[in-house]
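**Q** So the sequence shown is numbered by the numbering used here: it starts at 233 and just counts up by one.
Note that beta-carbon positions come from the ideal geometry of N, C-alpha and C, so glycine has one too.
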Amino acid sequence: MSGFDTDWLSLREPADKAARAPALVELLTRYLQTPGAPTILDIGCGTGSTWRALERHVPEDTNWLLLDHDPLLLEEAERSIGGDRGVAFRQFNLNDLEDLPLEGVSVVTASALFDLVSEDFCAAFCDRIASQGCGFYAALNYDGVIRWSHRHPLDDDMVDAFNRHQQTDKGFGSALGPGAGDCLERLLETAGYRVRRMPSPWRMDGNAAALQQAFLSGFRQPLREMSKHSMAEIEAWLSFRLSAIAAPESLCEVGHTDIIALPA
């Protein structure tokens, strides 16, 4: 998988936390209220944002195992979470799904991950968790919708090019990109799960200027590779979008979807 730096993950974490669908977090909380300490396996954990978002909502005796392939992100997760706190960390390549440590796991969680993987990966993953009877909660899957309150004539073209780039290989085959939510819902229902899906969009105003700037900076390379427009047009569009961040009542909405799937 393409790497993510800690600065980007730190910038996006407040927006991610605010965007999570509360009703699905509540469903997860109720599901974990069972006799005995539950265990959560968080895959693609990054610096531990899922743990920070959920640790106040799950039972105090919950055990966590956080997996990531990037040792630097794991190191930062362990440093930021600190102590034992029922949390263990392990370096793991998610391409090795057969070795995914699911024994005794109540729920597998992930954040901003499944739009980066392929349909084949999702199918194999759903089969694995269904065979073990694990619940599943996946938040912040990009859905392809980006809207700005201050419009530019090229917005739709640029978002379309960006979305096509989101479907290129990120380390797990051709990525689902905006199709992740539909694919997960279909596969999980086929595997016998009760599935709920809700929107979890980022809504960024001028108070999230640094995140908006970093988000737009991430467009440059995808647009160079995918857009039909010249570099001059791309740079002019980016310049407009960056300057619009400070405009009165400026708002950028980036669509995501959250999914919870519980054994029937």
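Which two residues bound the contiguous alpha helix (DSSP H) that contains D375?
**A** Residue numbering aside, residue 375 sits at position 143 when the sequence shown is read from its first letter. Counting along the chain, D375 falls outside any alpha helix (DSSP H), though it belongs to the beta strand (DSSP E) covering 367-380.
**Q** How many angstroms separate the CA atom of E308 from the CA atom of I272?
**A** For the purposes of this step, residue 308 is taken as residue 76 along the sequence shown, with counting starting at 1. For the purposes of this step, residue 272 is taken as residue 40 along the sequence shown, with counting starting at 1. So the alpha carbons of these two residues sit roughly 19 Å apart.
**Q** Return the CA-CA distance between M233 and K402, expressed in angstroms with no decimal places.
**A** Here residue 233 refers to the residue found at position 1 of the sequence shown. Here residue 402 refers to the residue found at position 170 of the sequence shown. Caution applies to M233, whose pLDDT of 43 falls short of 50 and renders its modelled position unreliable; the value that the coordinates give is listed next. Answer to the nearest angstrom: the Cα atoms are 5 Å apart.
**Q** For T400, name the three-state secondary structure that DSSP assigns.
**A** In the sequence shown, residue 400 corresponds to position 168, counting from 1. T400 falls in the coil class under three-state DSSP.
**Q** Kindly indicate the opening and closing residues of the alpha helix (DSSP H) around I466.
**A** On the sequence shown, residue 466 is found 234 positions in, with the first residue counted as 1. Note, I466: alpha helix (DSSP H), 463-476.
**Q** With C-beta atoms as the reference, is E457 less than 8 Å away from H397?
**A** As a working note, residue 457 is residue 225 in the sequence shown. As a working note, residue 397 is residue 165 in the sequence shown. Against a cut-off of 8 Å, the Cβ pair of H397 and E457 comes out as a contact.
**Q** For L264 and T294, which I take to be in contact (beta-carbon distance under 8 Å), what is that distance rounded to the nearest angstrom?
**A** Indexing the sequence shown from 1 puts residue 264 at position 32. Indexing the sequence shown from 1 puts residue 294 at position 62. Between T294 and L264 the Cβ distance is about 7 Å, and since that is below 8 Å, they are a contact.
**Q** Under the DSSP definition of a beta bridge, which residues are partnered with Q323?
**A** Position 91 of the sequence shown holds residue 323. Partner(s): D300.
**Q** Considering only the beta carbon of each residue, do D490 and G409 sit closer than 8 Å?
**A** Here residue 490 refers to the residue found at position 258 when the sequence shown is read from its first residue. Here residue 409 refers to the residue found at position 177 when the sequence shown is read from its first residue. No, the pair does not count as a contact, with Cβ atoms beyond the cut-off.
**Q** DSSP three-state label for G487, please.
**A** Position 255 of the sequence shown, counted from the first residue, corresponds to residue 487. Three-state DSSP puts G487 in a strand.
**Q** Quick check on the DSSP output: the beta strand (DSSP E) that includes S343 runs from which residue to which?
**A** Counting from 1 along the sequence shown, the entry for residue 343 is found at position 111. Unbroken beta strand (DSSP E) run through S343: 339-343.
**Q** Would you call the segment 325-345 and the segment 355-367 in contact, with 3 or more CB pairs under 8 Å?
**A** As far as the Cβ criterion goes, the segment 325-345 touches the segment 355-367, which means the pair count is three or higher.
**Q** Could you check how far apart the C-beta atoms of M430 and A251 are, in whole angstroms? I think they sit under 8 Å.
**A** Against the sequence shown, residue 430 aligns to sequence position 198. Against the sequence shown, residue 251 aligns to sequence position 19. So it is not a contact: roughly 11 Å between Cβ atoms.
**Q** Please tell me whether V349 and A407 are closer than 8 Å, where the distance is taken between their beta carbons.
**A** Mapped onto the sequence shown, residue 349 falls at position 117. Mapped onto the sequence shown, residue 407 falls at position 175. Their beta carbons are under 8 Å apart, which means V349 touches A407 by this criterion.
**Q** By Cβ distance below 6 Å, which residues in the same chain neighbour A393 in space, the five residues on each side in sequence not counted?
**A** Residue numbering aside, residue 393 sits at position 161 when the sequence shown is read from its first letter. Taken in chain order, the residues that qualify are L455, M458, S459.
**Q** Taking only runs that begin and end inside the segment 258-317, name each unbroken alpha helix (DSSP H) of 4 or more residues, in chain order.
**A** DSSP runs (the alpha helix (DSSP H)) wholly in the segment 258-317: 281-286, 303-313.
**Q** With burial defined as no fewer than 16 other Cβ atoms inside 10 Å of the residue's Cβ, what is the status of R473: buried or exposed?
**A** In the sequence shown, residue 473 corresponds to position 241, counting from 1. Label assigned to R473: buried.
**Q** Give the straight-line distance between the Cα atoms of P270 and T400, rounded to the nearest whole angstrom.
**A** By 1-based counting over the sequence shown, the position of residue 270 is 38. By 1-based counting over the sequence shown, the position of residue 400 is 168. Taking the straight line from one Cα to the other gives about 36 Å.
**Q** Between which two residues does the beta strand (DSSP E) holding P431 run?
**A** Along the sequence shown, one-based indexing puts residue 431 at 199. 425-431 is the extent of the beta strand (DSSP E) around P431.
**Q** Please name the residue, chosen from V290, L298, L494, G268, that lies closest to L420 on a Cα-to-Cα basis.
**A** Looking up residue 420 in the sequence shown gives position 188. When only C-alpha atoms are compared, the closest one is L494.
**Q** Buried or exposed: M390, going by 16 or more other Cβ atoms within 10 Å of its Cβ?
**A** If you number the sequence shown from 1, residue 390 lands on position 158. When all chains shown are included, M390 counts as buried.
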